[in-house]
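J.:
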Amino acid sequence: PRARGRVVPDKLSGLLVAPEDTARELNPLLWLPTGVRHGYALLPPLLKVLSDRGPQHWESEAPRLQPDSRALRYMKRLYKMFATKEGIPKANKSHLYNTVRLFTPCSECKHLHRDLRKGDVHSVDLHFNLDRVAALEHLLKSVLLYSFDTSVPISSPVTCMCHLSAKEHDSSGQVCPSVSQSVAFSPHLEVRKRKWVEIDVTSFLQPLIAAHRRNIHMAVNVTCLVGDPRQNTKLENPLHVALVPPSLLLYLNDTSEQAYHRWNSLRHGRKNPQRPRQRNRPPVDPAGDKGNESLQGKRASRRR
Amino acid sequence: RDETLREAPATPPHNLSEYFKQFLFPQDECELHNFRLSFRQLQWDKWIIAPHRYSPQYCKGDCPRAVGHRYGSPVHTMVQNIIYEKLDASVPKPSCVPAEYSPLSVLTIEPDGSIAYKEYEDMIATRCTCR
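Just so you know, the protein sequences line up as chains A and B, in that order. Using the working numbering, count along the first sequence one by one with no gaps and you end on 304. Using the working numbering, count along the second sequence one by one with no gaps and you end on 1131.
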């Protein structure tokens, strides 16, 4: 492990990881011949490209799926919040994540979109493929990201309840909800400020990600109540906007060697050898002149 | 130094500057050089959305003989220099290499269409040294 005193992920366990996990961890597209695998394993995926294939490779590479434009806009805004124009991470980030991944639901998802006018709920069946999450990336926070059309005024206070249930495929292929969670949010406040509403689903997803589940299949029901919840409230869709299927945002701490660990740089800064060492003053003796005497003695002995 | 002076032949003053040149720091001393690239040049801008420009910098130049106080080099660097000068010229002189780095944040489009914000360690050289 490098002499930086950083908690280095145990490379040995990395070596013991089954090949398919390693493949997931290292960008599968850039999978290297076994001979040089471990030599390159530490190169950031960004640069493995350079060492592994010349620019001509990129022309022939299969075109990447293009991300959703709203998602792209959100991530560009997040980038501006976290890094300078030159790409230097901003020091004022108080949290520990060094990786943020945004997934849009797979296109083949069914979209149960019942008529909202009759106060029905908005329900959607989502399927996220999280293969890009590496084994050394640990989940810190995850949110469902609903984008709203803010041109629609929201008159009275609205409270919404989002009910999530993960769907497990058991041996017979039957889908049975396994984990479920309800989260309340008030788009009235949120949407006015910005185009997005984030629904925290960390506690819901944590066990699935920790179990290395990479295919997340969940049903999301959003029920909104208009007016004061204590009086008679009507079930209706106050937002009058078609809720597009939400994206899934994962805030992760990448513990691999090539990722930037701000807590480590803070710690490293404290141990910086260049910093002048605190001179250890002789302890002041509260005994007054007796103390001075001993101080005299000390001075003489130090001079000797 | 006295020894060297004693050994040195009595040289007429105009060669004195030549004589002392060997103690001066090399003209192209080891130092950090600027280098900026754009991911478009590497044709990577299809999947690296930000930053548009990246300045990795690099270290270049000759290492002076007295590297200790200027570069914080370990004593081994001066030993290697003496070996090169007095014992075996096939042993390379100390090299000018980066000593410190700073991280870089990148925003990329992944092959599956998802979007990733990642912070990588050691992507920009910020200080050079002789080793």
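C-beta atoms are modelled at their ideal positions from N, C-alpha and C, and glycine is treated no differently.
1) Determine the contact status of Y97(A) and Y251(A), defining contact as a CB-CB distance below 8 angstroms.
2) Could you compute how far the alpha carbon of F1039(B) sits from the alpha carbon of R1053(B)?
3) Taking the alpha carbon of K141(A) as the reference point, which residue from T99(A), Y74(A), K90(A) has its own alpha carbon closest?
4) If you reduce the DSSP assignment to three classes, tell me which class E257(A) lands in.
5) Taking the C-alpha atoms as reference points, what is the distance between L1032(B) and Q1057(B)?
6) Would you say A1125(B) faces chain A, with C-beta separation under 8 angstroms as the test?
7) What are the partner residues of H218(A), as DSSP defines its beta bridges?
8) Can you tell me the Cα-Cα spacing of K1086(B) and V1097(B), whole angstroms?
9) Just to confirm, is the Cβ distance from Y1120(B) to A259(A) under 8 angstroms?
10) Pull up the distance between the alpha-carbon of S165(A) and that of T104(A), whole angstroms please.
11) Between which two residues does the alpha helix (DSSP H) containing P207(A) stretch?
12) Below 7 angstroms on C-beta distance, what does Y1054(B) contact in chain A?
13) Quick check: is the beta carbon of P1045(B) nearer than 8 angstroms to any beta carbon in chain A?
14) Tell me which residues of the region 1087-1107 of chain B have at least one Cβ-Cβ distance to chain A shorter than 7 angstroms, keeping chain order.
15) Report the rounded CA-to-CA distance for C1128(B) versus S1073(B), giving the unit in angstroms.
16) Kindly indicate which three-state DSSP category T1077(B) falls into: helix, strand or coil?
17) Work out the CA separation of I1082(B) and D254(A) for me, nearest whole Å.
18) Could you check the C-alpha separation between C1063(B) and G1113(B) for me, to the nearest Å?
19) Would you mind reading off the limits of the beta strand (DSSP E) that contains S69(A)?
20) Note down, one range per segment and in chain order, each alpha helix (DSSP H) of at least 4 residues found wholly within the region 1052-1131 of chain B.
21) Indicate the three-state DSSP secondary structure (helix, strand or coil) for E86(A) in the structure shown.
22) Could you work out which residues of chain A lie near S1017(B), taking near to mean beta carbons separated by less than 7 angstroms?
23) Can you give me the C-alpha to C-alpha distance between Q1080(B) and Y1071(B), rounded to a whole angstrom?
T.: In short:
1) By one-based count along the first sequence, residue 97(A) stands at place 97. By one-based count along the first sequence, residue 251(A) stands at place 251. Yes, these two residues count as a Cβ contact at 8 angstroms.
2) The count along the second sequence starts at 1 and reaches residue 1039(B) at position 39. The count along the second sequence starts at 1 and reaches residue 1053(B) at position 53. Taking the straight line joining both Cα atoms gives about 7 angstroms.
3) In the first sequence, the residue the question calls residue 141(A) occupies position 141. Answer by Cα proximity: T99(A).
4) Against the first sequence, residue 257(A) aligns to sequence position 257. Look at E257(A) here: in three-state DSSP terms it is coil, with no helix or strand label.
5) As a first step, residue 1032(B) must be located in the second sequence, where it is residue number 32. As a first step, residue 1057(B) must be located in the second sequence, where it is residue number 57. Between L1032(B) and Q1057(B), the alpha-carbon positions lie close to 7 angstroms from each other.
6) Here residue 1125(B) corresponds to residue number 125 of the second sequence, with the count starting at 1. False, the Cβ-Cβ gap to chain A never drops below 8 angstroms.
7) Position 218 of the first sequence, counted from the first residue, corresponds to residue 218(A). According to the sequence shown, residue 218(A) is Met rather than His. L126(A), A166(A).
8) For this step, residue 1086(B) is matched to residue 86 along the second sequence. For this step, residue 1097(B) is matched to residue 97 along the second sequence. Their Cα atoms are separated by approximately 23 angstroms.
9) Indexing the second sequence from 1 puts residue 1120(B) at position 120. Indexing the first sequence from 1 puts residue 259(A) at position 259. Their beta carbons are under 8 angstroms apart, which means Y1120(B) touches A259(A) by this criterion.
10) If you number the first sequence from 1, residue 165(A) lands on position 165. If you number the first sequence from 1, residue 104(A) lands on position 104. Those two C-alpha atoms are separated by around 18 angstroms.
11) Counting from one through the first sequence, the residue named residue 207(A) turns up at place 207. Note, P207(A): alpha helix (DSSP H), 202-210.
12) Stepping through the second sequence from its first residue, residue 1054(B) is reached at position 54. By Cβ distance, chain A contributes G87.
13) Taking the second sequence and counting its residues from 1, the one referred to as residue 1045(B) is at position 45. Per the sequence shown, the amino acid found at residue 1045(B) is Asp instead of Pro. Chain A, which has no Cβ nearer than 8 angstroms to the Cβ of D1045(B), makes this no.
14) S1102, P1103, L1104, S1105, V1106, L1107
15) Against the second sequence, residue 1128(B) aligns to sequence position 128. Against the second sequence, residue 1073(B) aligns to sequence position 73. Roughly 10 angstroms separates the two Cα atoms.
16) Counting from one through the second sequence, the residue named residue 1077(B) turns up at place 77. Looking at T1077(B) - three-state DSSP - the assignment turns out to be helix.
17) Indexing the first sequence from 1 puts residue 254(A) at position 254. Indexing the second sequence from 1 puts residue 1082(B) at position 82. Distance between the alpha carbons of D254(A) and I1082(B) is about 44 angstroms.
18) As a first step, residue 1063(B) must be located in the second sequence, where it is residue number 63. As a first step, residue 1113(B) must be located in the second sequence, where it is residue number 113. For C1063(B) and G1113(B), the distance between alpha carbons rounds to 47 angstroms.
19) Stepping through the first sequence from its first residue, residue 69(A) is reached at position 69. Premise fails: S69(A) lies in the alpha helix (DSSP H), 69-82, not in any beta strand (DSSP E).
20) 1068-1071, 1075-1082
21) Within the first sequence, the letter at position 86 stands for residue 86(A). The answer is coil: DSSP assigns E86(A) none of H, G, I, E or B.
22) Counting from one through the second sequence, the residue named residue 1017(B) turns up at place 17. In chain order: nothing, as chain A lies at least about 36 angstroms away.
23) Sequence index remark: in the second sequence, residue 1080(B) carries index 80 (1-based). Sequence index remark: in the second sequence, residue 1071(B) carries index 71 (1-based). Q1080(B) and Y1071(B) have their C-alpha atoms some 15 angstroms from each other.
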